[in-house]
Every structure is written in C-alpha cells, then in structure tokens.
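Enquirer: The structure is given below, and queries will be raised subsequently.
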Amino acid sequence: MAGPEDDEKRVVRAQKDKKFDELKGIIKQNRDAKSNKDLNKLLAGFDSLTKSYEKSKAVFQRQNVSTPRFYIRSLVEIEDYVNKMWEDKEAKSSLSKNNAKALPALRQKLKKYVKEQSLADLVTDYRANPDEDGYETPDDEDDDDLEIVPEAKTEKSPGKPADKVLDSDSNSDSEDEDSSNWSSEPDTSGSDSDEDSVTKMEQLRRYFLKKEFREDSKDGKKEGKHGRQEDRKRVIRVKEVAEDDDDNDWTPVNREKSLVHFDPKEEVTHDVMIKKLNEVMSGRGKRTTDRNQHVANLQKLLEVSEQKELGLGISVKITFCIISALFELNSKISDFMDYETFMNTLQTVNQLLDVLISSENVKLSVTYAEEDENLKDDTQDYRVQGSILIAVQRLDAELAKILQNADCHSNDYIEKLKAEKDMCGLIEKAEKYVELRNQSGIFDKHEVCKVYMMRIGHIYYKYKDQCDIEGDVGQVMDYLCKKIYALDDEKRLRQRAMLCHVYWLAVHDQWHRARDLLLMSHMQAIVDHSDIDTQILYNRTICQLGLCAFRHGFIKEAHQGLSEIQNTQRAKELLAQAVGTRQHEKTPEQEKIDRSRQVPYHMHINVELMECVYLICSMLLEIPHMASCEFEMRRRMLSRSFHYQLKQSEKASLTGPPENTREHVVAASKAMLNGDWKKCQDYIVNEKMNQKVWNLFHNAEPVKEMVIRRIQEESLRTYLLTYSTVYSTVSLKKLASLFELTKKDVHSIISKMIIQEELSATLDEPTDCLIMHRVEPSRLQMLALNLSDKLQTLSENNEQILEPRTGRGGYQGPGSWFPGRNERQGDNKKGSGGYQGERRGGSGQDGKRGNWGSQGNQQRRHPQKTRAF
Amino acid sequence: MSTFDLTQRMAPFLDLHLIIPLLEFIEPRRIYDEKSLTEMHRQLLSKTNMIDSVIETYSGKPIPAAIENKKKQIIKERDELKSKVDSVVAILEIPEVKEMMDNNRERDGNVRILEHLTQNHNFTVDMVDTLFKYSKFMYECGNYTVASVCLYYYRNLVNQADPNYLNALYGKLASEILLQEWEHARDDLLKLRAYIDANPFDTEWELITQRAWIMHWALFVYYNYPKGRDEIIEMFLNQQPYLNAIQVLAPHLLRYLAVAVVTSKSRQKNSLKDLVKVIDIERYSYKDPVTDFLTCLYIKYDFDEAQEMLQKCEEVLSNDFFLTAVLNDFRESARLLIFEMFCRIHQCITIEMLARRLNMSQEEAERWIVDLIRTYRIEGAKIDSKLGQVVMGVKSVSIHEQVMENTKRLTLRAQQIALQLEKGRQEKTKVN
C-alpha cells in the first residue's frame, strides 16, 4: 500500500467508521434491551437507531454505500422479536405497564418505517437469505469490506461478500462486534462453533499480521524520513515477537514506548515537550493504557526535560502528572494503595514540595485554568494548574486506608506505621509552604484549612512525648485550631478542630479547659445533625474527656461522659473501633462504608480500660445511692449497665475469685455495699488491675490514691446510710479509725450528708459523736409516704398538661439549656445512621445528659468565646 | 500583701480617671512598691489633661519643661474650644429649650429638640460635635461638673444611632461617679445598661466586653449606695448574660458579688446557692479568700479552714477600695453564716469552740449568740450556761408530718389548676 493513497483512504474511512460504530453501538443496546425484555428501552433504541441512520445517510450516499446489511438485519431482528411478543399472549400479559404500552407503539413504528423508507425489498431480500448465527462474523466483515471499498460495491448485491484487503481498524471493530455477538447470544448451535472458532483464529492471525504490516509501513515511513536505526530495530524485534506469539499485549506497550521518543534532530523545546506530554496524558485513564507504563513514560519525560533544562515549569507540571498517575495506579476507589507505591508517591510529593518551597517563581494552583498555564516563559512566574495540597491530602487518606487494611497485630502494621512519621513531616512541610506563600493568593481557603486540619489530625491523639514537634505541642495545637476557627466558613472543620482540641486537652489532663471548650462548642446540641465522621470524633472525645475527668477525681462528670457510650453495649462500634455485629441490617455497601470509617488501630481508645473506669465510677456513685434508697419503692438507677453486671453476678450460683476487670469491680462493689472498704480497695487496686488498668494511665499513682480515697469516703457514706437504723450514736473517732480517715474529713463528710438531708442525724460537739435520728418507718408509713409522692407527681403532671412549662426567668439551673437529645429522637433515627441512634437506649432516665454536673450556665458561654478566637 | 489586690486586674476595664481614685486608695496601704506606684500614678495622669495634678506629683522637685509646655498648650486649646462652645451653651440654656429637654422622652429619638433648635435658634449640626468635643476635653481636664452638664445636653440632642452616643453615656456616668453624685450616676448606669442590653453591637464579643466594663463601673455606684448591694446581686448573678460576662472575662468580680450576697439581708437565702455553684465552677480560674470562705463553708464543710479564710478576708477587704466600707458588715454576716451552719449540723456545741471558730472571746461569743437567738429567733436554740454549751432542740420531722407537709401543698395546687381551668373555659365561652 502506498503512503498517500493510504492516508486518503483513512480519512474516508474514519468518517464512515464513526457512523458505523454509532449504529452498531445502538444495535448492541437494542439487543441488550431485547434480552432484558425492556420494550421501553427498545423503543427508544429503535428511535435513535433510525434517527442516526437518517443522519448517516448523507455520508453513505456520498460514499455510494447502500444501506448496510447489518442495519437491515437489526431491523429484521427487532421485527421478529416484536411479532413474537405480539403473538405470545401469555408473555404480553406478564409485561409491565410501561412495556405493554411500548409494544404496540414499537410495532406500529416499525411497520411504518419499513414502508416509508421502502426498505421492504431489502428486508424481504434479507429474509430470503438470512445470515446464520454462526455465519455472522465473516458476514459482518464482508459488510465492512463492502462499505470501505467503494469501487467494489455493487448496488444489487448488498449482502454479497466481496474480497478485499481489510483495514485493521474496521476489522477490530468487527472483532468487537463479533465478541459482543458471542456474549449476547450464547445459544449458538454447537455444530457451528467449531467452524466459527477456526474462523476466529484465522481472523486473529490475520489481524495481527495486518497490524504488524501497517505498523511496519508506518515505521518504515518514519524510517525513510528520519533514518532511525533504533526504531527499525525495534520494529523488527516486535515483528518477531508478534510472529511467534499472538499475545496482544505487545501492541499498547509498543505504542506507549514510542510515545516517549524524541526525535534527536529536532531540538527538544518547550512546545515539543508539552505536546509530548499531552500525548502521553491523553492515554490516561483509558482501558488500554497500562498504568505502570504510563508512570514510567512520565518519569522518562521528566528525565528528558531535566536533561535539557527546560525549566522548572515543565518539570513541576510533569511531576504533578506523575503524582496523579501514581494515585491512579489503583483503579478501584475503595482499594488501598500499595505500601511501596505509597512510599514512592510520598517521596515524589515531598520532592515537589521541596522544589515549590525553594523556588518562589513557580506557582501551582487550582485557580489557574489550563489556558493560563505558563510552563516555558521563565521571565514570568511559572503558572501550573494543580494543587499540591490536595495531593498531600489524598496521600494522607491513602495512609489511613493502608493502616485500616493492615493487620493491626502484626509487625507489618508497625512497619507501615513508620510511614506515619514521614507523613507528619510532609504535612508539616506543606504547612510551612502554605504559610510561606499564602500571600500570593494561590491557595483556596478551604485547602489551607484542610492542611491545618490534617496536622491536627496527626497530633491530637498523641501524648506530648510521642509527637516529635519542636516547642510546645500545646501551643502548636492552639495555633492550628485558631487558624481553622478563623479561616473556616463552613463550620464542619471548625467543629472537628474543636473536638480534636478538646481531645488533646483531655489526653493531657487539662480538664477544665477541655470541658469549657467542649461546652462552648455546643457540640452536644448539634452533633446529632453532623456527619458520621464527626459523630465518631465526638464519641471519641467524650470518652477521652470522661477518662480525663476520672483522673482528676471528677467522678460524676466522668460517669456522665462515659455512660453516653458505655450504656449502649456497643462502645466499640460507636468509637469506630470495630464494625457492628448486626450485619444483617446492612447492605454490603453500607458495610464497606462502615469499614472505611474505622479508626486505625494506633488511634484506638482502650475500651476495656474505659469500661473499667466507667464501672468504678458507677460503683462510687451507685452504691451509696443504693444504700440510701433501701426503703424507697422505686429505686432510680444511675447506671443501667452497672446494675446489669451486679445482677449477673448475683445470679451466678457459684462466685469464684474475680478474673477480669469487670468481675473485680463487681466484687469490690459488693464489698462496699457491706461497708468493707479494705476489701473493696483490694479488689480495685491489685497486681492484676495494675496491669490491666492503672498502669495505662500516665500518672498512675495519684489516680490510684484518688480512687482509694474515694472508696474510703463512699464506703463511709454507705456504712452510715446502711446502718443508721442500728446505731443511736456513733463516735466520730471510731468512724475515723474504721475508715482510716482523719476526724476532720469524717466530720466534713457527715456535715455534708446532714445538710443535704441524706442522713437524719446531728452531731454532738462536746462528746464528738453522731446522734442518729432515723427511725425505721413502719410499712403503713412507708406506703403513705409513697402515696404522697405519687400524688405530687400526679399534680405536677397535671400542671404541665395545662400549662406547658415555658422558660423560667432568671438564673436557670443546669439542664435547661438545650432541648435535650431525647426530644429529638425522631430525626435521629432517619439521619445519623448507626452512630447515634441508640445512644440513649440504655439510659432513658437521666434527663440531664450532656451537661457536666452542675455547669448549666457554662454552656451559655460558647458564642462569646468563639468570637474571641 | 498584693496577691489578692485586684487593682491590676480591674484597671483594663476602667477609665483612666476612674483608676486614679483606686491608686490614691492603694498608695497609703503600702502593699506595692511605693516608687513604682508613684511613677505609675504620674504616667496615668500625664495621659490625661490634668496637668496640675501631674505637677503635684513632683511635690517640689523641678518640673520638666515639656510639662510646662503641655500646660500652655492645653490652656490654649481650652480657650479655643470654650469660645466655640459658649454660643452653643447659650442656646441650650434658654429656659424654653431646657424645659423641652427635661420633658424629653427617649422614644422620640431626640429628633424633635434638634429640629426645634435648628428652626428657631440657628442651631447647626456642627454645634453638636463641638459640644461633644468640649465635654470630652473638660472631662480630660478633670472638670467633671462641666463635662457632665455638657454631656447631658449632648445626650438629649443626639439620637441613639450616633457613634458617640455610647461614649457620651460612659462619659456622663464617669463624670457623675467622680463627682460622687450617686443618684445621678445610678440613673446613668441604668440608661447605659439599657443601651447595652439592646445590643447595638456587631459582635457578641463586643457585647460581652461592654458588659464587663459596665459591671466594673457599676461597682463604684452600687457600693456607695445604700441598696446597691441588692442591685449587684440582681445584675451580676440573676442576669444570665452578665454572669456569663463575669465567667468569661472577669471572674475576679466574683469577690464583689460574694461580698454583696453575704452582706445582703434580704437576698441572701436565695442567692447563696447560685453563688456557690458559680464559685465552684470558676474555682479553678479564680479564687481569693472571700470565695474560698464560701467554698469551705458550703462545699467542703470544713469549718476550721472557713475560719482561717474569714480572717484573711478581713485583710483583703480592708485593702479593697470598694469593700473597705463593708468590712464590719461582712464580718458579722459571715459569722452568722457559720453559726447557722453549726446549728443545722449540731445538736450541742460548746461556746468555747464557737468563740474560737468565730474569732471572739468566750463572753463576747455568748452575748453574741444571745443576740442572735433573739433577733433571728433560731428555733430551739438554748444556752446552757453552766456547761457552757448551746443546745439545739431536736427537730426531726416525723413521717406523719412529712406526709402532711407533702399533701398540704397539693390541695392548694389542685385548687389553682381548677381555677385556671375555669378561667380558660370562661374565656372560651366569651370568644364564642
């Protein structure tokens, strides 16, 4: 084939081929619709088929092509199908409403169309001489031939085969067609299949040969023009390969490789480079492009550009392309990156960042349009489209995924965790870069926020010593958060930053600040409406804050914080440290999403520790409470799960020595209920518990002392409440020695109880003893008391019905500051998925959740202080 | 000595002129280094136009030339302004105009007077500005009487949207405070508070800052005004926004609030609980002997420590500009609180112990207790003189009584509900 002729023909073909492809595509769709019995779709498909044929007609006419046979065939097929459906009453009645409507319409249209276009002859012609199923492929091919080579065309025999050399492109089309036929009509008769496979094989061979030939000719041309030895060699080699092996992988490889070649004669200028780059990039994302090769190509380009010193603009652009290509190495979104690739990408990004930091005249920004890019003019600033910050972000997300998918108990995890340190370094560098260049306006505000957020994300859960940041980590944290408070418009990041800050403060035992910040953020009120990731973060923060409160001896607050999570029985799930067990409610997608939300192992909060702390808190609060309510009819429970544990152990017929932490606390509770504080203490503080609980705190000793002290106090209270009916006087001295407290402490505890009317007793100062006034009420009296209690609640309820409580003026006690989660249960259920819904499940009775003890008025401080930042 | 002095913490919230009396109060107490205090005082004065006072601070030593120059300059400036403002004041002092102003109501937005003046008396808008400038200048010079009069005029001429309106309010209040006209000052304070509460500010932050300011200024007024302490409770504790401002910006105000609550006769019972709650919350950010006293008494129930704190309180109060006058009152009330607590907890107390706790001699204590029992009718408290004991009558409530108590209220409430229902029905029938 001579060069010029070939070129000419190719133009023609392209136009026609395009039309043919279009038609064939529609036909294929129609076939699918047919096999799905989707008449509606078929009707639409038919419409578009006729339309696009109408359009192509002009082209065909110009080319002297008659109606292609495959078109007729498709019409006939549709007709057959419709008629079949029409006659088959049973099938018709089973059609859906839409389809039932579409069927007559389609039938009508088809008839009309055939008549109008005077295709009836062709159709009958075809019917008289139909293509057999197995015969399809060669027939198709023939069709192609017919169309492609106008000289060979004869008006009267559209269906007849004509022998001509095929063009590989159209051929490959027919191949496609062929394979699709095969897939959609698998019931080809067995006798045909042998023959068919033979033809197919032959086809394949021919295909390669031809392709090769063409390639050869092309390269030959090149060779002729430029006389390149290497090229020729390669072609020959390729030919050889092709000849003994028809693995069709070689084609794209070859093509790609050739892409990166520069003509040595021609000087590699910016324009050539950009053109080349665009050429390479055009292959991006295509199915045929080997992603690894794509990266390699880009890397080679970068090499060349650096050799030729084309300037930073180009190399930044190419590097950026490489980064995106690296990200795309893995096609599936949910899949995680290879660790190697990750490190590779990390390094590339790092290098790019270095370049960007060191050279001020390169600007990489998303705000530039592609036309605005300036890659070559070194008198001006280089402008490149893209965002390094987004790349860093993506990298961060990838790392999280890698860690999520690694086995957290293996060395592998630790190995991979090392990358986290590099990541921190990178983010820090990115932050430095942002701060260096923020004035030049190349960053999107949101991007900048994200960078700060990422840094926070890597700091907030670590204890001071674990971060390798120079200077005071607290200040860094402060600084980062304030940046976000100032920059972020859309609240979400601000909320997250605030939660992280609270978390950090809680980890570092700055209880008051953490509490104030949380209360001021009003997160309790809005968390139900936030996205699930924020809810998870909120849950984590609350837990950490609870632990912090415990370490400081704020038992009540700790209990409140932890009960949010602990009362639900699925603490792990709420903290995103395990996927929920009730999988049957979830679709696989949901499950996948859930899994992607999991917190990497190194950030986990120790759930066992948390549970133990929660139970200890419950014990300290609940046991005296139980003792004081002994005679009341309905007891109020402060903590349901604690009661559950108690009851469980009561049920057990045989109680052995406690083994796990839970049993320890339960045993301790029982001891306390009997007023035996020593035993209680022994259960709580011992070797076993040291290992499992206390040693996990940073300042274990003071915490232990605090707990012991609280045990003494609460035991004393329990003792007094339980045995108040037995004693008429108790000497303070004896109590002090019994509980190993100072007399002053005993005095103050007792005073408190008397003032709060828990204990009806008075002190006798001269003799230093406590005089009990408590008389055990008779049954009748108790009933009377209960009755009066009930009457009181009744009348209260009546009052409320009559006059729903409106805002009470003046100082409002705690608990009135926000409507309370319970009231908004309705919209919880639909919105927030599994991370909030059942939180209150176990704890219906405490109406004052979400506010920490008695800090009602604190919560109102929020709006003011936020402005201050 | 200076640990619990609040002058430094308060200063940012006060006007220069208002700080001067504080400094003057502190100076003779010698709790700060004398030299630095004098220097401070002088610097402060030199920021104002009160040159004569600056000169006084040199007390015989040669006076720098710069100050002499400044004096001349100020006098010149004053004369200029005065010549301008004279005509304005002349107009405003026409009896007819004055009368209009006195009868002026806020609601009209002061437009009417201004209109009247421009129509009948050749008054121009510029004159208003001159008036403001002049009053500011006079204030700086320490001539508060003139400033207060001029600002009074100004306030009546300008409407609330004017950018200087707030300044004028503050200026007037400061002038009245410095003139010690407490009645006027109180009126001005109320006006200022109303203005601030209407929230004309852009940000919450500004609002809260203004609130903190006004609370500090209010101390001058309320602690010099017979019923002022109740008003402090009303404003600081019972108004949530102001309590917030205290918590956020100025927790040291809790001292004044605490003293006010402790010494207040009528409000004490209800407020004490709230106050203790707030003190408890803020304990980590602010504490001094006064708040600690309450903490010991009501949270820790530690009477020995409360006693110690009470002693420290005396020192603190006597060194506090605002509180020095109420020291005796506070001591009395605090003792009473302690005694009350004892009575609630104990059945029998030796007078000797009480005397120790209350910082009195035994005889004094006995007399004091007798007084208490008589004036406050403490139920069932008797003195056993022979044993030197106070014995409380046991007042345990029997269950019978408890039930009675609970149900007694029910009848009343049921009746109320019935009444309300009746009322509702009547209204309904009326509508129909």
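Note that the protein sequences, when read in sequence, are chains U and L. Quick note on numbering: UniProt numbering labels position 858 of the first sequence as 858, and the sequence is numbered without any gaps. Quick note on numbering: UniProt numbering labels position 83 of the second sequence as 83, and the sequence is numbered without any gaps. Backbone N, C-alpha and C define an ideal beta-carbon position, used for all residues, glycine too. Quick caveat, the model's predicted, so the values are computed rather than measured.
1. Contact defined as beta carbons within less than 8 Å: I believe G380/L pairs with G393/L. What is the distance between those atoms, to the nearest angstrom?
2. Checking 8 Å against the spacing of the C-beta atoms, do L257/L and L275/L come in under that value?
3. CA-CA distance, T411/L and F339/L?
4. Would you list the one or two residues that DSSP bridges to Y382/U?
5. Find out if the Cβ-Cβ distance for the pair Q645/U, V666/U is shorter than 8 Å.
6. In whole angstroms, give me the CA-to-CA distance for S46/L and V54/L.
7. Using C-beta distances below 7 Å, list every residue in its chain close to C424/U, excluding the 5 sequence neighbours before and after it, in chain order.
8. At 9 Å on the CB atoms, spell out the chain U contacts of Y286/L, in chain order.
9. Should I605/U be labelled buried (16 or more other beta-carbon atoms within 10 Å of its own) or exposed?
10. For S135/L, which of M100/L, I113/L, G171/L has the nearest alpha-carbon?
11. In terms of residue numbering, what span does the alpha helix (DSSP H) encompassing M753/U cover?
12. So, helix, strand or coil for A406/U, using DSSP?
13. Mind checking Y222/L: buried by the 16 CB within 10 Å criterion, or exposed?
14. In whole angstroms, what separates the C-alpha of E776/U from that of H400/L?
15. Determine the direct distance from the alpha carbon of H552/U to that of Y298/L, and round the result to whole angstroms.
16. Out of N270/L, V262/L, R267/L, L253/L, state which residue places its alpha-carbon closest to the alpha-carbon of E282/L.
17. Starting from the beta carbon of V403/L, find every residue of chain U whose beta carbon is closer than 7 Å, and list them in chain order.
18. Since R42/L contacts C141/L with CB under 8 Å, what's their CB separation in whole angstroms?
19. For I357/U and Y433/U, which I take to be in contact (beta-carbon distance under 8 Å), what is that distance rounded to the nearest angstrom?
20. For I349/L, which of helix, strand or coil comes out of DSSP?
21. Between which two residues does the beta strand (DSSP E) carrying D764/U extend?
22. Quick one: is E799/U near chain L, going by C-beta distance under 8 Å?
23. Would DSSP call Q389/L helix, strand or coil?
24. Quick one: grab the DSSP three-state call for N374/U.
25. Give me the residue from A418/L, I31/L, S175/L, L151/L with the minimum Cα distance to A168/L.
26. Y153/L: which of N143/L, A161/L, Y165/L sits nearest, CA to CA?
27. Taking the alpha helix (DSSP H) that T534/U falls in, what are its first and last residues?
28. With 7 Å as the C-beta to C-beta threshold (strictly closer), list the residues of the segment 756 to 768 of chain U near chain L in chain order.
29. Name the two residues that bound the continuous beta strand (DSSP E) containing L575/U.
30. Pull out every residue of the segment 164 to 189 of chain L whose Cβ sits closer than 7 Å to any Cβ of chain U, in chain order.
31. Alpha carbon to alpha carbon, how far is A627/U from T718/U?
32. Does the Cβ of I94/L have 16 or more other Cβ atoms within 10 Å, making it buried, or fewer, making it exposed?
33. Reducing DSSP to helix, strand and coil, say where S731/U ends up.
34. Helix, strand or coil: which one does DSSP assign to K382/L?
35. Whose Cβ in chain L lies nearer than 7 Å to the Cβ of H643/U?
36. Just the Cα atoms here: how many angstroms apart are L18/L and L192/L?
Expert: In terms of the structure at hand:
1. The Cβ separation is near 2 Å, so the contact holds.
2. yes
3. Linking T411/L to F339/L through their CA atoms gives a straight-line distance of about 36 Å.
4. DSSP, once it has assigned bridges, lists V362/U as partnering Y382/U.
5. yes
6. 6 Å
7. H458
8. Per Cβ cutoff of 9 Å: no residues; Y286/L is ~12 Å from chain U at best.
9. buried
10. G171/L
11. 743 to 755
12. coil
13. Burial call: buried.
14. Near 13 Å, if we compare the C-alpha coordinates of H400/L and E776/U.
15. 21 Å
16. L253/L
17. A784, L785, S788
18. That belief does not hold up - the Cβ atoms of R42/L and C141/L are roughly 17 Å apart, past 8 Å.
19. 5 Å
20. In the structure shown, the three-state DSSP call for I349/L is strand.
21. Counting along the chain, D764/U sits inside the beta strand (DSSP E) bounded by residues 761 to 764.
22. yes
23. strand
24. Strand, per DSSP.
25. Ranking A418/L, I31/L, S175/L, L151/L by Cα distance to A168/L puts L151/L first.
26. The candidate whose alpha carbon is nearest that of Y153/L is Y165/L.
27. That run of the alpha helix (DSSP H) goes 532 to 551.
28. S760, T762, L763, D764, E765, P766
29. Counting along the chain, L575/U falls outside any beta strand (DSSP E), and DSSP gives it neither H nor E.
30. none
31. 6 Å
32. exposed
33. strand
34. The answer is strand: DSSP assigns K382/L an E or B state.
35. Under the 7 Å cutoff, chain L gives no residues; its nearest Cβ is about 28 Å from H643/U.
36. The alpha-carbon atoms of L18/L and L192/L are separated by roughly 17 Å.
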